[in-house]
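Chains as they are written, first to last, in the working numbering: chain U, 62 to 367; chain B, 62 to 367.
Where a beta carbon is used, it is the ideal one built from N, C-alpha and C, also for glycine.
Right, dumping it as structure tokens:
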């Protein structure tokens, strides 16, 4: 099975759109998202543009503030405080990375936890590990939702995560080890310090690759029948394309797909889920109730308060 | 090797005492710890008594507020707010469990993060998982310190943790998976959902048992040469003792000690470390700089700001 992240993300966006219309009709609230974009990083520009477009599609209000790379940290923090106090804005997203003279951690911690739709504030990270309601970071939440909507239940399974970043590896581990439905996995977090990473990957019932290295996970490293989730986005040279490059994941898709029971492609796997879950988080922020989507629930139940 | 937690904890307390004297001499600050004890739970009473005694031994100021089990949640929170504003108090500890009508989470979140010497506030939990400075919860911090002071470096090793509580399993995993010196381990969190827990325990280079079940980890479940850390405190019937019971760990110590390269006994293993690390956290709170103890550092360096 090829897990169609593109389709699933479109389904979710449609569900969010319907929920947002209901929220507007019933309570007069339009979910609002503020983007802060510092400098001219092309990837950041492109991400913010895609996120803004998603807001438009589903009827969210959004505002994008573009600041020069020379802006002071003080001015960025002041702008965040402004959005913290703005009742039209329910979610605030400062696109990372930021120029070196601005502390990313200070920026993250200045955003009110209840407007932290990226799920990066320590309060939300802590609540996630403890198992309390909060905003889950978008990519890990997207991975979880892909599993649920593909009827892949991690309970009792060995989930091996390769990579331990704060935006993917660590939060995915925190989510899937919880004693909750659609979680409850035995979780291993493996990384570059392992003398032989394949010792771990070969054990995985569900393998989550967040290595940041093109096709680092080869077929020899995967147990036949495993579920493989590829979080990588790597550009490699390809003379046959117009641009001279193409995008591949952290998994050698062409060979691994023949032995995996299910696998996400790159592109159109995990990638589009990140934006979809950002929309879910913003809807939840606008509703004023922050909670995890729950076991066996698909929309619209997953958008109800718990 | 039998890891002598009792001795190591005494060493740490002596170091903290010396540091506290210096703090008093140089800046006129005496570290102060407030205990809130609700109800008549004998185990809680005994824990608070031991912690108060440790404060006395090392020259900390401490105050213990005993409240009846019928006290309202409001009154407990007001008491915490009072200590939050009390400059003589640097750490606040509400002994858990609390009566059912009082929300433990509300209590934990009312304590200022900078006075949360138990390391249970979501801000501190989140900072721990992200890898930032903060208060580490005392038992996990004690396990980490036992490893360091026994020259057991988890880097690149397979650490298998059995149990995923918020006070042991999850935070130990969060600490040991960080890309830091004396951490950097491949971490597996196993638990009751595993069809066969021994599949995981047998792989452990370092096995951390926090199961809460007397001698659940048998010799067959341990790889020869493994380091075994036993976090369990279980009372079992024993007619040969005065009290009619004795305390054993989660590990079958008598048999496992013959195959492990190092092992903590119960009692006098992890147990005494919890109080020692509470003293360390309180000293750090009093100094006003909160940080992790760092690689290869023993006192007094581990008490310096990083």
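- If you check the CB distance, residue 191 of chain B and residue 172 of chain B do not come in under 7 Å.
- Interface criterion not met: the Cβ of residue 143 of chain B is under 7 Å from no Cβ in chain U.
- The beta carbons of residue 77 of chain U and residue 339 of chain U sit no closer together than 7 Å.
- Put simply, the CB of residue 238 of chain U is near chain B, with a gap under 7 Å to one of its CB atoms.
- At least one beta carbon of chain U lies nearer than 7 Å to the beta carbon of residue 217 of chain B.
- Contact with chain B is found for residue 251 of chain U, since one of that chain's Cβ atoms lies less than 7 Å from the residue's Cβ.
- The stretch 254-328 of chain U contains, as complete alpha helix (DSSP H) runs of 4+ residues, the segments 258-262 and 314-317 (chain order).
- For the stretch 179-192 of chain U, residues whose beta-carbon sits nearer than 9 Å to a beta-carbon of chain B comprise 181, 182, 183, 184, 185, 186, 187, 188, 189, 190, 191 and 192.
- Here the alpha carbons of residue 138 of chain U and residue 100 of chain U stand approximately 15 Å from one another.
- The three-state secondary structure of residue 219 of chain U, taken from DSSP, is strand.
- Listed along chain B, no residue sits closer than 7 Å to residue 288 of chain U by beta-carbon distance, the nearest being about 17 Å off.
- Secondary structure of residue 137 of chain U (DSSP, three-state): helix.
- Secondary structure at residue 144 of chain U: helix, using DSSP grouped into helix, strand and coil.
- For residue 318 of chain U, same chain residues with a beta-carbon under 6 Å away, outside a window of 5 residues either side, are 324 in chain order.
- Taking a contact as a CB-CB distance under 8 Å, the pair residue 84 of chain B and residue 90 of chain B counts as one, their CB atoms being some 5 Å apart.
- Taking the C-beta atoms as reference points, residue 168 of chain U is found no nearer than 7 Å to residue 200 of chain U.
- Proximity of chain U to residue 227 of chain B at the Cβ level (cut-off 9 Å) is accounted for by 190, 191 and 192, in chain order.
- For a cut-off of 8 Å, the C-beta gap from residue 321 of chain U to residue 292 of chain U is around 15 Å, too long to register as a contact.
- The Cβ neighbour count for residue 334 of chain U, taken over all protein chains shown within 10 Å, is at least 16; the residue is labelled buried.
- Identification of residues in the stretch 251-265 of chain B having a C-beta nearer than 8 Å to some C-beta of chain U yields 251, 252, 254, 255, 256 and 261, given in sequence order.
- Look at the beta carbons and you see the stretch 172-189 of chain U not touching the stretch 121-132 of chain U: under three pairs across the two are nearer than 8 Å.
- For residue 126 of chain B, the pairing in a beta bridge is given by DSSP as B:97.
- Here the C-alpha atom of residue 264 of chain B lies approximately 46 Å from the C-alpha atom of residue 302 of chain U.
- When secondary structure is reduced to three states using DSSP, residue 347 of chain U falls in the helix class.
- Boundaries of the beta strand (DSSP E) around residue 250 of chain U: 247-251.
- Contact between residue 261 of chain U and residue 150 of chain B fails: their C-beta atoms lie close to 45 Å from each other, not under 8 Å.
- For residue 237 of chain B, the uninterrupted alpha helix (DSSP H) segment begins and ends at 230-237.
- In this model, residue 270 of chain U and residue 330 of chain B are separated by some 37 Å (Cα to Cα).
- About 36 Å separates the beta carbon of residue 312 of chain B from that of residue 348 of chain B, a gap too long to meet the 8 Å contact definition.
- Distances from the CA of residue 208 of chain B to each of B:164, B:259 and B:267 were compared; the closest alpha carbon is that of B:267.
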